[in-house]
Amino acid sequence: SFMVATAKFQGRVTVLYERGLDVYAVELHRDGELVDRVDEVFFDSLGGTLERLIDDGNWRRIRVQCLSGRKSARH
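Residue numbers for the sequence shown follow the working numbering, so the first one is 424 and each next one is one higher.
Right under this line is the structure:
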């Protein structure tokens, strides 16, 4: 399990492996309650499933923060 905070979803994401079927399930929990579950996710589609459920694309945006302080020395 891991926590996420994106525009699409904020809460806990759990990836479960179902050994007997060799598939995964992805659960989304908010405030301790199950809000969504996707069953029978094959390994090769696990990334796409997580992207569809939680990725808002924000990681693609570059963020620049100017820091005040000493000027850098030139060498």
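Where is the CB? At the ideal position from N, CA and C, for every residue including glycine. As the structure is a prediction and not an experimental result, all values here were calculated from the model.
Would you call Tyr440 buried or exposed, if buried means 16 or more other Cβ atoms sit within 10 Å of its Cβ?
As a working mapping, residue 440 is identified with position 17 in the sequence shown. The residue is exposed, with fewer than 16 neighbouring Cβ atoms inside 10 Å.
What did DSSP end up calling Gly434 once you bin it into helix, strand or coil?
As a working note, residue 434 is residue 11 in the sequence shown. Residue state, collapsed to three classes: strand.
Host alpha helix (DSSP H) of Arg453 (start-end)
Within the sequence shown, residue 453 is the residue found at index 30, counting from 1. Note, Arg453: premise wrong, no alpha helix (DSSP H); beta strand (DSSP E) at Val446 to Arg453.
Beta-carbon gap between Arg435 and Ala448 smaller than 8 Å:
Walking along the sequence shown from the start, residue 435 turns up at place 12. Walking along the sequence shown from the start, residue 448 turns up at place 25. Contact flag unset, no.
For Arg460, which of helix, strand or coil comes out of DSSP?
Translated into positions along the sequence shown, residue 460 becomes position 37. Here Arg460 sits in strand by DSSP.
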